[in-house]
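Going letter by letter, the sequence shown gives residues -12 to 121 in my numbering. The beta-carbon is built from N, C-alpha and C at its ideal position, and this holds for glycine as well. I have placed the structure first, in the form of structure tokens, so that the comments after it can refer back to it.
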Amino acid sequence: MQLWRFVKGMFGVTVLALIYIHMQMNIYALAYEGKQREEHIVRLKEQNTRVANDIFQLKSASHLGRKLLTQDAELKFCDQNSVVRMASTRVSTEQSKLASDNQSKTNPFMKLFTWRSPVAHAEERESRKPWARR
């Protein structure tokens, strides 16, 4: 009888040892796989940085200027002869004061017939941070 119990006990210990070894192997395999994924993510981030730098370089004004000047485009920089100057239509401060004085001298009875739309005023508020509590 005791031999039979000893064999059952050794069989149980062996099964438990195999289960423990299997679990440890899975833990190491997952850790190794996680490490490989982290290295892959680091490589992708470095590649993303290089690609973003290349894109910014291609979009830069100096690159576009060099590209346009190396092509056989008939573009040239403007000189003093190709600049067009136009007279300003800005109202002087004296003219604006006269206009405002004329508006204030209008007949109050006539002001009843003028339709003015209400003026909207923009108000600048502090933007809420998404993480801030309400």
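Alpha carbon of residue i to alpha carbon of residue j, nearest angstrom
i: F43; j: I8; result: 52 Å
i: M12; j: L45; result: 49 Å
i: Q(-11); j: R24; result: 52 Å
i: V70; j: I28; result: 53 Å
i: E33; j: A74; result: 54 Å
i: A18; j: N40; result: 33 Å
i: N35; j: G(-1); result: 53 Å
i: Y15; j: K22; result: 10 Å
i: V2; j: W(-9); result: 17 Å
i: G(-4); j: M10; result: 21 Å
i: E20; j: L31; result: 16 Å
i: F(-7); j: E26; result: 49 Å
i: L5; j: R37; result: 48 Å
i: G52; j: D66; result: 17 Å
i: S49; j: Q58; result: 14 Å
i: L56; j: S47; result: 14 Å
i: N68; j: K54; result: 25 Å
Any non-hydrogen atom of the ligand PLP closer than 7 Å to residue i Cβ
i: D41; result: The ligand PLP is not part of the structure shown, which contains no ligands of any sort.
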